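Colleague: Let me give you the structure first, and then I'll get to my questions.
Numbering (the numbering used here), first residue to last: 12 to 251.
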């Protein structure tokens, strides 16, 4: 018994006993690595959109550099807002690494759809930031809220695909925990969808509702709960 335990503890993350991890190592290393890379690139490219005054693509004809930089406040606002939205989804993506145990073809395809939404979301955010306070703000607001709602829907598509019969989720997770997270994610998605018609009538209220839903997921989420007697062992915790 002691020799068996010693062998398990010495195994690397890609060699763990499948009976203990329920396939937690199968395909997730590359799956998570690719997803993290997309998030990193999406976040890094945000600063590239800001053109420095005096540069070939930046503003020219200014007499005061400080004023020229101050006039780019919409650029800075868009940068911060994009970073917060993408960052909130990255936090949930990182958190879900403790929920999903493996991947398959269709789960990977849904993840690609979700990542597409992540790389596209800066566009509606920038549209809204650059038309805030103008006559085009109503259209820009609906564009932003719709973009946020679609992103939430792609996240839920992954969740609902993985949940039936624990298709790609850790089989050790307690059913009440998964129901709790389904309510959290589902409610946030429904609220963001409902925010679209609100944005049509009262643009800034619709935007505020949608952004508050995203901001909620910047907060720590519940610690995963497991079925009695199936909590991860010490080695599993170290390798999460």
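All residues carry an ideal CB built from backbone N, CA and C; glycine is no exception.
Since the model is a prediction, treat every value here as computed from it, not as a measurement.
If you run the structure through DSSP and keep just helix, strand and coil, what is residue 73?
Modeller: Translated into positions along the chain shown, residue 73 becomes position 62. Under the three-state reduction of DSSP, residue 73 is assigned to coil, being neither helix nor strand.
Colleague: Is the beta carbon of residue 154 sitting closer than 8 angstroms to the one on residue 128?
Modeller: Within the chain shown, the letter at position 143 stands for residue 154. Within the chain shown, the letter at position 117 stands for residue 128. No, they are not a contact pair.
Colleague: Going by DSSP, name the residue or residues bridged to residue 184.
Modeller: For this step, residue 184 is matched to residue 173 along the chain shown. Paired residue(s): 237.
Colleague: Report the rounded CA-to-CA distance for residue 242 versus residue 80, giving the unit in angstroms.
Modeller: For the purposes of this step, residue 242 is taken as the residue at position 231 of the chain shown. For the purposes of this step, residue 80 is taken as the residue at position 69 of the chain shown. So the alpha carbons of these two residues sit roughly 54 angstroms apart.
Colleague: Return the first residue and the last residue of the alpha helix (DSSP H) that residue 56 is part of.
Modeller: By 1-based counting over the chain shown, the position of residue 56 is 45. It spans 39–59 - the alpha helix (DSSP H) in which residue 56 sits, taken as one unbroken run.
Colleague: Can you tell me whether residue 56 is buried or exposed, with buried defined as 16 or more other CB within 10 angstroms of its CB?
Modeller: Locating residue 56 in the chain shown gives position 45, counting from the first residue. Here residue 56 is exposed: its Cβ has fewer than 16 other Cβ atoms, across all protein chains shown, within 10 Å.
Colleague: Would you mind working out which of 239, 113 and 85 sits nearest residue 172, comparing C-alpha positions?
Modeller: Taking the chain shown and counting its residues from 1, one reaches residue 172 at position 161. The candidate whose alpha carbon is nearest that of residue 172 is 113.
Colleague: May I have the straight-line CA-CA distance separating residue 188 from residue 239, to the nearest angstrom?
Modeller: As a position in the chain shown, residue 188 is number 177, starting the count at 1. As a position in the chain shown, residue 239 is number 228, starting the count at 1. Residue 188 and residue 239 have their alpha carbons spaced roughly 13 angstroms apart.
Colleague: Give me the residue from 122, 97 and 139 with the minimum Cα distance to residue 229.
Modeller: Reading the chain shown from its first residue, position 218 is the one you call residue 229. If we check each option's Cα against that of residue 229, 97 comes out closest.
Colleague: Whose C-beta lies closer than 8 angstroms to the C-beta of residue 132 among residues of the same chain, with five residues either side of it excluded?
Modeller: What you label residue 132 is simply residue 121 of the chain shown in a count that begins at 1. Excluding residues within five positions, the ones whose Cβ falls inside 8 angstroms are 93, 96, 97, 158, 159 and 162.
Colleague: Check this for me: beta carbons of residue 130 and residue 219, under 8 angstroms apart or not?
Modeller: Your numbering for residue 130 matches position 119 in the chain shown. Your numbering for residue 219 matches position 208 in the chain shown. At a Cβ-Cβ threshold of 8 angstroms, residue 130 and residue 219 do not count as neighbours.
Colleague: Along the chain, where does the alpha helix (DSSP H) containing residue 103 start, and where does it finish?
Modeller: The residue given as residue 103 occupies position 92 in the chain shown. 84–106 is the extent of the alpha helix (DSSP H) around residue 103.
Colleague: Three or more C-beta pairs under 8 angstroms: does that hold for the stretch 134–151 against the stretch 193–206?
Modeller: no
Colleague: What's the C-alpha gap between residue 76 and residue 61?
Modeller: To locate residue 76, count along the chain shown from 1; it is residue 65. To locate residue 61, count along the chain shown from 1; it is residue 50. Their Cα atoms are separated by approximately 15 angstroms.
Colleague: So is residue 35 buried or exposed if we call it buried at 16+ other beta carbons inside 10 Å?
Modeller: Locating residue 35 in the chain shown gives position 24, where the first residue counts as 1. Caution is warranted here: a pLDDT of 41 is assigned to residue 35, below 50, making its placement in the model unreliable, and no coordinate value can be reported.
Colleague: Cα-Cα, which of 116, 226, 45 and 143 is closest to residue 178?
Modeller: As a working mapping, residue 178 is identified with position 167 in the chain shown. That would be 116, whose Cα lies nearest to the Cα of residue 178.
Colleague: Going by alpha carbons, who is nearest to residue 149 out of 170, 109 and 214?
Modeller: Taking the chain shown and counting its residues from 1, one reaches residue 149 at position 138. Taking only the C-alpha atoms, the option nearest residue 149 is 214.
Colleague: Alpha carbon to alpha carbon, how far is residue 180 from residue 101? Give it in angstroms, no decimals.
Modeller: The residue you call residue 101 lines up with position 90 of the chain shown. The residue you call residue 180 lines up with position 169 of the chain shown. Cα to Cα, residue 101 sits roughly 18 angstroms from residue 180.
Colleague: Smallest Cα separation from residue 202: which of 190, 167 and 107?
Modeller: Reading the chain shown from its first residue, position 191 is the one you call residue 202. Of 190, 167 and 107, the residue nearest in Cα terms is 167.
Colleague: If you compare alpha carbons, which of 176, 212 and 231 is closest to residue 195?
Modeller: Residue 195 sits at position 184 when you count from the first residue of the chain shown. The residue with the shortest Cα to Cα distance from residue 195 is 231.
Colleague: If you follow the alpha helix (DSSP H) that residue 218 is part of, which residue opens it and which one closes it?
Modeller: Your numbering for residue 218 matches position 207 in the chain shown. Note, residue 218: alpha helix (DSSP H), 214–227.
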